Amino acid sequence: MDKELFAVSEFDILPSVLKTIRRYDMLRPGEGVVVGVSGGIDSMALLHVLWRLQEPCQLNLHIAHLNHSIRGEAADGDAGFVEKIGRDLGIPAYIEQVDIPAQAERLGLTEEEAGRKARYGLYERIADQVGATRIAVGHHGDDQAETVVMNLVRGAGLRGLAGMPPLRGRVIRPLFELQKWQLEAYCREQQIPWREDATNLSIAYRRNYIRWEIMPRLAQLNPGVLSRIMHTASTLREDWQLLESLAQEQYQRALVESTPQRVSLCLSRLVGLPVALRKRVVDFAYQEISGYGASLPGASLEQMEQLIAGEAGGKGLTLPEAIEVSLIDNVLIFSPRVKIHRGEGWSPRPLSLGSSTIIEELNVTIYTEILTTVLAWWEDATVLQPRDAWRQEGTWWVDMDYGSVEMPLLVRSRQPGDRLQPLGMEGSKKLQDLFVDEKIPKHLRDKVPCIVDGQGIVAVVGLHQAHRTRVTEATQRVLRVTVQGCT
């Protein structure tokens, strides 16, 4: 990997990329790498550099491209362009098409969020398929600065202000320490083709608004603002990593018990810790029991602080993902709300229209009602979206075309062979595969209620509605199912 192996010119980014790879131990000889390639200038610069490293570093490269279906023929052109680049370079290319606008609406996400989720889902699947140990993406210094500003505006802690890490899991960012202008100069000098995405100019997207409106104004105050933000993020990331390391030590000292159903911490060991470490220790326990790897929001951490200080007015509370926290005999206990074992499931229950049904094993109540008119949740700004409400407050609901449902209705746990065509998707999928796609932990899958009619599953609580039950203009009556206290 010596730079003497390569012809270095004034605008050659390879030496800088090699320094970044070495500094963060991103790549080792013989590794398989999935390269996320959109066809834009950033990903094309990344692909070209890794292609140059392929032989001397013995890399096994694979290209992954997601067609978002947002720009019609232009998006199809991007996919064809990437496929041809793969052929020209002798690198296998994997192309997948997803209707991101439909998926965003179905999941209650922005197109940016849905697109990111679909992209990384594709990268991970391809990496598993080909046995790759790394996933390379084209984020650079400008992206990092924009991320920091965006997180600052949203209200972020140290982790958010540290921006994107150069390496997380299998994902690596070899262009992390370069700026956009350097990538452009490199591509022009090397005559590397790329595709322009018109949506990158639209300030309707949050990141684009930061890029085209906010960053230029900050540059008026300080022309070197980009490199300054990059440096600040790097410094904060070092601080965050140190605190994480110290907190992990304290977590192990405070840990009393750790099982799939329970994580317990010694309260007296928590009380003596600085607040910054204590919050991280609590967050480690939450991530361990929830299985989602997502951190607690600030409001939940403040609730935990009140509970630990004896100011919560009780001996417990409920965290996102329906995680219960109890304080018993100087021990802080984290556990899923449901107390059943994987594989046992629970017996089906009939759902009577216009009444409520209690599932005691799950501590869940299900209400059904018939509506002649319905106000879509997205038209009411005072309520959370169904998925957010499910995760944050333990409440979820779904509206179905009553005429499409074959009564009677039942609620039960999953069964072998269960399949579902989720709203907005073509074709059905195994419920097991949907759980994997949604990253539902194995120990929680038997606890997810499935609502079924005479034809099969009509809804999976908190996740999906069957496409055949969708409400249309022809719908005369709406069957609303509301679940309270779900997992």
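Read left to right, the sequence shown gives residues 162 to 648 (my numbering). Just so it is clear, CB atoms sit at the ideal spot from N, CA and C, and this is done for glycine as well. Every value quoted in this text rests on a predicted model; they were computed, and no experiment measured them.
Beta carbon of arginine 629, beta carbon of serine 574: below 8 angstroms?
-> no
Any idea if valine 525 is buried or exposed, counting beta-carbon neighbours within 10 angstroms, 16 or more meaning buried?
-> buried
Selection from Arg638, Leu426, Gly459, Glu307 that minimises the alpha carbon distance to leucine 387 = Glu307
Measuring alpha carbon to alpha carbon, tell me which of Gln381, Leu207, Arg439 ends up nearest aspartate 173.
-> Leu207
In terms of residue numbering, what span does the beta strand (DSSP E) encompassing glutamine 258 cover?
-> 254-258
Compute the beta-carbon to beta-carbon distance between isoleucine 494 and arginine 423, rounded to the nearest angstrom, for a pair I have assumed lies under 8 angstroms.
-> 6 angstroms
Sequence-distant residues of the same chain with beta carbon closer than 6 angstroms to threonine 633, five excluded per side = none
Compare the beta carbon distance of valine 659 and valine 597 with 8 angstroms and say whether it is the shorter of the two.
-> Nothing in the structure corresponds to residue 659, since the chain is present only between 162 and 648.
Note the first and the last residue of the continuous beta strand (DSSP E) segment covering methionine 561.
-> 556-562
Opposite asparagine 221 in the DSSP bridges: which residues?
-> Gly193
Within the same chain, show all residues whose beta-carbon is closer than 6 angstroms to that of threonine 636, passing over the 5 residues directly before and after it, in chain order.
-> Asp562
Is there contact between the region 382-400 and the region 575-585, where contact requires at least three CB pairs shorter than 8 angstroms?
-> no
Coil, strand or helix - leucine 640 by DSSP | strand
I think glutamate 272 touches isoleucine 231, with their Cβ atoms under 8 angstroms apart; what is that distance to the nearest whole Å?
-> 7 angstroms
From the DSSP output, which residues share a beta bridge with serine 177?
-> Looking at the DSSP assignment, serine 177 forms no beta bridge with any residue, so it has no partner.
Is DSSP giving aspartate 579 helix, strand or coil here?
-> coil
Looking at isoleucine 450 and proline 650, is the spacing between their C-beta atoms short of 8 angstroms?
-> Past the edges of the chain, shown from 162 to 648, lies residue 650, and the structure says nothing about it.
Taking Cβ positions, are isoleucine 520 and valine 642 nearer each other than 8 angstroms?
-> no
Contact under 8 angstroms by Cβ, leucine 523 with proline 610 = yes
Hey, how far is the Cα of serine 461 from the Cα of arginine 631?
-> 35 angstroms
Return helix, strand or coil for glutamate 358, following the three-state DSSP convention.
-> For the sequence presented, residue 358 should be read as aspartate rather than glutamate. Correct three-state label for aspartate 358: coil.
Closest to histidine 301 by CA distance: which of Arg280, Lys278, Glu338 is it?
-> Glu338
Looking at C-beta atoms only, is the number of pairs between the region 226-244 and the region 274-291 that lie closer than 8 angstroms three or more?
-> yes
How would you write the range of the alpha helix (DSSP H) that valine 486 sits in, first residue to last?
-> It is not in any alpha helix (DSSP H) - valine 486 instead sits in the beta strand (DSSP E) that spans 484-489.
Is the beta carbon of glycine 193 sitting closer than 8 angstroms to the one on valine 291?
-> yes
Give a yes or no on contact between the region 282-296 and the region 183-200, applying the rule of three or more CB pairs nearer than 8 angstroms.
-> yes
At least three beta-carbon pairs within less than 8 angstroms, the region 369-387 to the region 214-221 | no
Check whether leucine 595 and leucine 624 have beta carbons under 8 angstroms apart = yes
Roughly how many angstroms lie between the CA atoms of aspartate 203 and isoleucine 353, to the nearest whole one?
-> 11 angstroms
Which of helix, strand or coil does DSSP assign to histidine 300?
-> coil
My understanding is that arginine 430 touches alanine 446, with C-beta atoms under 8 angstroms, so please give their C-beta distance in whole angstroms.
-> Going by Cβ atoms, the distance from arginine 430 to alanine 446 rounds to 12 angstroms, so no, they are not a contact pair.
Out of curiosity, what's the CA-to-CA distance linking tryptophan 557 and proline 602?
-> 19 angstroms
Going straight from the alpha carbon of glutamine 343 to that of arginine 183, what length do you get?
-> 20 angstroms
With DSSP run on the structure shown, which of helix, strand or coil describes arginine 331?
-> coil
Spatially closest choice to tyrosine 347 from Asn221, Tyr412, Glu171, Gly321, by CA coordinates = Glu171
Anyone know if the C-beta pair for methionine 311 and arginine 368 falls short of 8 angstroms?
-> yes
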